[in-house]
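Below you'll find the structure, written out as structure tokens, and then a few comments.
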Amino acid sequence: PQKSAGSALLRKALTAFSSANSKEASCQDDGWSDAEDTEASKSSVKKSSANTTAIRSSNIGVARRRRAEKRRELAKRELTLRKKLVKSRTDRLVESAAAAEANSAEKQSAKLRLKKYRTLLQQATVELERELATYKSAGLIKGGRGNKAIDKQAEASQAKDKRQQKQLALARELDFKRFNQSLREILVSTTGSAK
1 PQKSAGSALL
11 RKALTAFSSA
21 NSKEASCQDD
31 GWSDAEDTEA
41 SKSSVKKSSA
51 NTTAIRSSNI
61 GVARRRRAEK
71 RRELAKRELT
81 LRKKLVKSRT
91 DRLVESAAAA
101 EANSAEKQSA
111 KLRLKKYRTL
121 LQQATVELER
131 ELATYKSAGL
141 IKGGRGNKAI
151 DKQAEASQAK
161 DKRQQKQLAL
171 ARELDFKRFN
181 QSLREILVST
191 TGSAK
């Protein structure tokens, strides 16, 4: 019985010692694990912060590139619009200059035609007035003084010719009026004035 009791005490002591050693070892392992966990946690935090900073920098870079591209696109559009505006204004100026030149040329041509018509009118007027004066002086048209030196017999014998000459004179006078009217119409249509 004593041997049995001693053995039981020995086993109990060994068990207690083993349990104490186990607890101490466990406490030491846990302490070492906590340090490693803390260090790992700090490293993880640093890595996470670095990753966050990198992502943020990347996002900022992307945003800047997008803004730069947008500014370039807006600048291209503005340049295109300015080119179109300049071309439009240039075309209008060219058309206006061409119209003004054509108008000026047309006016110059109208002035030359007017000068020519006036010259023709003056020449025709002088010639027709000379003929009318001749007919009037011969007594062929009313208003003439007549030629008192004309022989009565010659006048009687030339009555037929006189009538023909009178008709011719009247016809020439009518032609003169028509010619004058035509020239005036040309002047009015060309310059807006009969003068």
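Reminder that position 144 of the sequence shown reads as 144 in the UniProt record's numbering, one-by-one numbering, no gaps. Glycine included, C-beta positions come from ideal geometry on N, C-alpha and C.
| Item | Value |
| --- | --- |
| Whole-number beta carbon distance between Arg-172 and Leu-128, since they are thought to touch under 8 Å | 7 Å |
| The region 105 to 125 contacting the region 161 to 170, beta-carbon criterion three pairs below 8 Å | no |
| When Glu-131, Leu-79, Val-94, Arg-64 are compared against Leu-170, the one with the closest alpha-carbon | Glu-131 |
| Distance CB(residue 228)-CB(Thr-190) smaller than 8 Å | This structure leaves residue 228 out entirely; the chain is present only between 1 and 195. |
| Straight-line Cα distance separating Ala-102 from Leu-174 | 39 Å |
| Distance CB(Leu-112)-CB(Leu-183) smaller than 8 Å | no |
| Chain-order list of residues whose beta-carbon lies under 7 Å from that of Phe-176 (same chain, five-residue window excluded) | Leu-128 |
| Own chain partners of Ile-186 with C-beta closer than 6 Å, once the 5 adjacent residues on each side are dropped | Tyr-117 |
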